[in-house]
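Student: Protein chains in written order, with our numbering: chain A, 1 to 407; chain B, 1 to 127.
1. My output table needs one value for residue 76 of chain B: the three-state DSSP class, helix, strand or coil.
2. Return helix, strand or coil for residue 216 of chain A, following the three-state DSSP convention.
3. Measuring alpha carbon to alpha carbon, tell me which of A:251, A:125, A:67, A:98 ends up nearest residue 105 of chain A.
4. List, in chain order, every chain A residue whose beta-carbon is nearer than 8 Å to that of residue 198 of chain B.
5. Do the region 196-213 of chain A and the region 258-272 of chain A touch if we need at least three Cβ pairs shorter than 8 Å?
6. Along the chain, where does the alpha helix (DSSP H) containing residue 380 of chain A start, and where does it finish?
7. Measure the alpha-carbon distance for residue 143 of chain A versus residue 101 of chain A and round it to whole angstroms.
8. So, residue 229 of chain A versus residue 92 of chain A, is the Cβ gap smaller than 8 Å?
9. Could you tell me whether the region 125-138 of chain A touches the region 356-372 of chain A, where touching means 3 or more Cβ pairs closer than 8 Å?
10. Could you tell me which residues DSSP puts in a beta bridge with residue 56 of chain B?
11. What residues of chain A sit near residue 40 of chain B, judged by a beta carbon separation below 7 Å?
12. With a threshold of 8 Å between beta-carbons, can residue 19 of chain B be considered close to chain A, or not?
13. Is the Cβ of residue 308 of chain A closer than 8 Å to any Cβ of chain B?
14. Out of B:72, B:104, B:98, B:125, which has the shortest C-alpha to C-alpha gap to residue 114 of chain B?
15. Between the beta-carbon of residue 13 of chain A and the beta-carbon of residue 357 of chain A, is there less than 8 Å?
16. So, at 8 Å on beta carbons, what are the nonlocal neighbours of residue 290 of chain A in its own chain, with the 5 sequence-adjacent residues on each side left out?
17. Run through DSSP, which three-state label would residue 300 of chain A get?
18. Comparing C-alpha positions only, which one of A:107, A:138, A:201 sits nearest to residue 342 of chain A?
19. Straight-line CA distance for residue 122 of chain A to residue 346 of chain A?
20. When DSSP labels each residue in this structure, what does residue 227 of chain A get in the three-state scheme?
21. Beta carbons nearer than 7 Å to chain B: which residues of the region 337-362 of chain A have them?
22. For a contact defined as C-beta to C-beta under 7 Å, what are the partners of residue 36 of chain B on chain A?
23. When you check each C-beta in the region 67-98 of chain B against every C-beta of chain A, which residues fall closer than 7 Å?
24. Please give the ranges of any alpha helix (DSSP H) in the region 96-160 of chain A, keeping only runs that are unbroken, at least 4 residues long and fully inside the region.
25. Which residue or residues does DSSP assign as beta-bridge partners of residue 162 of chain A?
26. Quick check on residue 399 of chain A - is its C-beta less than 8 Å from some C-beta in chain B?
27. Among residues of its own chain, excluding the 5 on either side of residue 50 of chain A, which ones have a beta-carbon nearer than 7 Å to its beta-carbon?
28. Take residue 326 of chain A and list the residues in its own chain whose beta-carbon comes closer than 7 Å to its own, dropping the five residues that flank it on each side.
29. Where does residue 332 of chain A land, buried or exposed, given buried means 16+ other C-beta within 10 angstroms?
30. At the 8 Å Cβ level, is residue 28 of chain B part of the contact set with chain A, yes or no?
31. Based on DSSP bridge pairs, tell me the residues matched to residue 357 of chain A.
32. Per DSSP, which residues does residue 182 of chain A bridge with? Please list them.
33. What does residue 255 of chain A reach in chain B if we use C-beta pairs closer than 9 Å?
34. Please say whether residue 56 of chain A and residue 256 of chain A have beta carbons closer to each other than 8 Å?
35. How about residue 312 of chain A: is its C-beta nearer than 8 Å to some C-beta of chain B?
36. Along the beta strand (DSSP E) that carries residue 75 of chain A, what are the first and last residues, could you check?
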């Protein structure tokens with residue numbers, strides 16, 4: 001019998017613990033006795049051995065997504081990969097055009113890179129997804145222009161877990177001769193990716209979302225047809241000039257091992273997580289006035305994002321102190337800022353305020369889920385007993401027609 | 001965010017949760033705030049013939065500090081005359097609960113709620 005530890009970790013979309021098998025490989029690349037050399041050292045075996053480990057990891061990362069290892073560029077994480085893809089492509093192809101298409105629900109690493117490019121004189125179109133979080137590809141098509149050089153659409157959304165049809169988007173962009181970048185930080189190891197088939201030109205990866213270490217990631221840069229980038233980090237000309245900086249062997253080896261494990265265990269793990277996610281969903285969905293955010297079909301197995309109407313998010317997080325979850329309303333000041341992703345889906349402020357993201361992972365158990373269901377039901381009940389809005393709703397009062405004393 | 005022990009106590013064990021019949025002539029109801037702002041407070045007082053608050057109840061939609069502010073307020077107003085209750089200041093609530101600056105508005109809302117409840121009672125009594 002395993003004893004459930006508290007607080008229960010249900011924030012796997014934020015980060016994951018390193019798999020013990022990964023940690024072991026990493027530890028072998030640090031000390032004097034280990035593989036500590038600089039992979040760029042050409043004059044001795046320390047360098048050669050480190051280089052061999054880095055290249056093995058490159059094959060492992062490429063292996064998960066069916067790419068050529070030469071198409072994998074090491075970076076410090078998905079944020080850097082997104083920056084390099086967007087700015088690198090925009091700068092290299094500036095003479096070809098200055099228009100970029102993305103969506104309002106992208107990660108901040110993409111959105112803020114786009115803002116920076118706008119300041120540099122580029123034009124960006126931000127697509128609004130449908131209510132279920134998915135893009136209408138006809139709308140994407142009609143946003144493309146003759147001067148569009150790049151489309152950047154994430155594979156899986158970090159908040160609501162919905163999976164965009166990047167294979168279909170790739171067909172559209174390739175036909176128009178436009179480059180296509182996809183942030184796959186939340187999808188690698190969770191959704192099958194075949195870059196020999198999919199017409200994706202650039203793809204961002206992170207290690208720490210799939211049981212690898214923080215501080216390392218990769219950018220896939222297609223060779224055929226060739227994609228060019230202007231480097232954002234200058235120095236020793238590492239990674240074929242696209243990203244300078246001494247390669248951190250232990251981080252890279254950790255990422256490689258994490259991707260190797262993901263390739264081997266993904267199918268089994270997805271089946272297990274889907275069962276757990278459905279156990280959680282079934283435990284919560286019959287509560288009155290509960291809303292699931294984002295499409296349930298086109299969604300990774302480990303994500304559930306739920307709004308509990310008439311319960312305020314911060315007080316619910318406070319009540320759920322025995323579990324690590326995240327809320328769509330990040331209370332940074334006196335006023336709550338509802339999630340920009342849920343807002344882009346057209347969710348009203350009240351529902352966005354009351355959303356909770358549960359993300360399950362490799363070490364989540366059925367006991368964890370049962371505890372969460374029981375606790376959430378009890379706490380939502382308790383907070384609704386306290387809620388004047390719940391009382392009014394039960395009396396049949398339409399809250400949207402009440403004249404509130406604004407403050 | 002770190003909450004004071006008193007906020008946690010009122011949040012975990014809120015006092016005087018509930019509702020009175022708002023049409024009862026001895027009951028005054030104050031409802032302040034708005035759902036889109038993230039907090040709504042409903043405070044009700046039951047006043048006897050001597051003008052003393054015999055009982056008080058609340059319901060609050062909002063963060064832990066908003067719940068604690070209204071819970072504390074119901075404890076404080078019981079046994080007070082209407083005149084005494086109007087003298088409760090938001091700063092007293094904020095001090096008692098050790099609210100951080102970003103949560104002062106919760107105590108302001110509580111002060112607004114008792115004032116609104118008294119006004120409602122007096123309007124009904126005068127009618």
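All C-beta atoms, glycine included, are put in the ideal place defined by N, C-alpha and C. Since the model is a prediction, treat every value here as computed from it, not as a measurement.
Tutor: According to the structure shown:
1. Position 76 of the second chain holds residue 76 of chain B. If DSSP states are grouped into helix, strand and coil, residue 76 of chain B belongs with the helices.
2. Start at 1 with the first residue of the first chain, and residue 216 of chain A comes out as number 216. Three-state result, residue 216 of chain A: coil.
3. In the first chain, residue 105 of chain A corresponds to position 105, counting from 1. Cα-wise, what sits closest to residue 105 of chain A is A:125.
4. No answer is possible for residue 198 of chain B: the residues shown for chain B start at 1 and end at 127.
5. yes
6. On the first chain, residue 380 of chain A is found 380 positions in, with the first residue counted as 1. Counting along the chain, the alpha helix (DSSP H) containing residue 380 of chain A begins and ends at 366-385.
7. Residue 143 of chain A sits at position 143 when you count from the first residue of the first chain. Residue 101 of chain A sits at position 101 when you count from the first residue of the first chain. Their backbone Cα atoms lie some 7 Å apart in a straight line.
8. The residue given as residue 229 of chain A occupies position 229 in the first chain. The residue given as residue 92 of chain A occupies position 92 in the first chain. Going by C-beta atoms, residue 229 of chain A is nearer than 8 Å to residue 92 of chain A.
9. no
10. For the purposes of this step, residue 56 of chain B is taken as the residue at position 56 of the second chain. Paired residue(s): B:45.
11. The residue you call residue 40 of chain B lines up with position 40 of the second chain. Per Cβ cutoff of 7 Å: 388, 389.
12. Within the second chain, the letter at position 19 stands for residue 19 of chain B. So yes, residue 19 of chain B belongs to the interface.
13. In the first chain, the residue the question calls residue 308 of chain A occupies position 308. Cβ-Cβ to chain B under 8 Å: no for residue 308 of chain A.
14. Within the second chain, residue 114 of chain B is the residue found at index 114, counting from 1. Comparing Cα positions, the closest option is B:72.
15. In the first chain, the residue the question calls residue 13 of chain A occupies position 13. In the first chain, the residue the question calls residue 357 of chain A occupies position 357. Contact: yes.
16. The residue given as residue 290 of chain A occupies position 290 in the first chain. Cβ within range, chain order: 284, 306, 307, 308, 309.
17. Residue numbering aside, residue 300 of chain A sits at position 300 when the first chain is read from its first letter. Looking at residue 300 of chain A - three-state DSSP - the assignment turns out to be coil, as it is neither helix nor strand.
18. If you number the first chain from 1, residue 342 of chain A lands on position 342. If we check each option's Cα against that of residue 342 of chain A, A:107 comes out closest.
19. Counting from 1 along the first chain, the entry for residue 122 of chain A is found at position 122. Counting from 1 along the first chain, the entry for residue 346 of chain A is found at position 346. Taking the straight line joining both Cα atoms gives about 27 Å.
20. Here residue 227 of chain A corresponds to residue number 227 of the first chain, with the count starting at 1. Residue state, collapsed to three classes: coil.
21. 349, 350, 353
22. Looking up residue 36 of chain B in the second chain gives position 36. By Cβ distance, chain A contributes 349, 350.
23. Cβ contacts with chain A: 67.
24. 108-119, 137-143
25. Position 162 of the first chain, counted from the first residue, corresponds to residue 162 of chain A. In DSSP, residue 162 of chain A forms a bridge with A:299.
26. Counted from its first residue, the first chain places residue 399 of chain A at position 399. Taking CB atoms only, residue 399 of chain A has a neighbour in chain B less than 8 Å away.
27. Looking up residue 50 of chain A in the first chain gives position 50. Residues 35, 37, 38, 39, 249 of the same chain have their beta carbon placed closer than 7 Å to that of residue 50 of chain A, with the five preceding and five following residues left out of the count.
28. If you number the first chain from 1, residue 326 of chain A lands on position 326. So the list reads 11, 14, 357, once near-sequence residues are dropped.
29. In the first chain, the residue the question calls residue 332 of chain A occupies position 332. Any reading at residue 332 of chain A must be qualified, since the residue scores a pLDDT of 41, below 50, and its modelled position is unreliable; the value itself is stated next. Under this definition residue 332 of chain A is an exposed residue.
30. Locating residue 28 of chain B in the second chain gives position 28, where the first residue counts as 1. Chain A, which has no Cβ nearer than 8 Å to the Cβ of residue 28 of chain B, makes this no.
31. For the purposes of this step, residue 357 of chain A is identified with residue 357 of the first chain, where counting begins at 1. According to DSSP, which records beta bridges pairwise, residue 357 of chain A is partnered with A:305, A:326.
32. On the first chain, position 182 is the one that residue 182 of chain A refers to. Note: residue 182 of chain A sits in a beta bridge opposite A:203.
33. Reading the first chain from its first residue, position 255 is the one you call residue 255 of chain A. By Cβ distance, chain B contributes nothing, its closest Cβ being about 34 Å from residue 255 of chain A, past 9 Å.
34. As a position in the first chain, residue 256 of chain A is number 256, starting the count at 1. As a position in the first chain, residue 56 of chain A is number 56, starting the count at 1. It is a contact, given that the beta carbons lie within the stated cut-off.
35. Here residue 312 of chain A refers to the residue found at position 312 of the first chain. For residue 312 of chain A, the answer is yes, since a Cβ of chain B falls inside 8 Å of its Cβ.
36. On the first chain, position 75 is the one that residue 75 of chain A refers to. Element bounds for residue 75 of chain A: 72-75.
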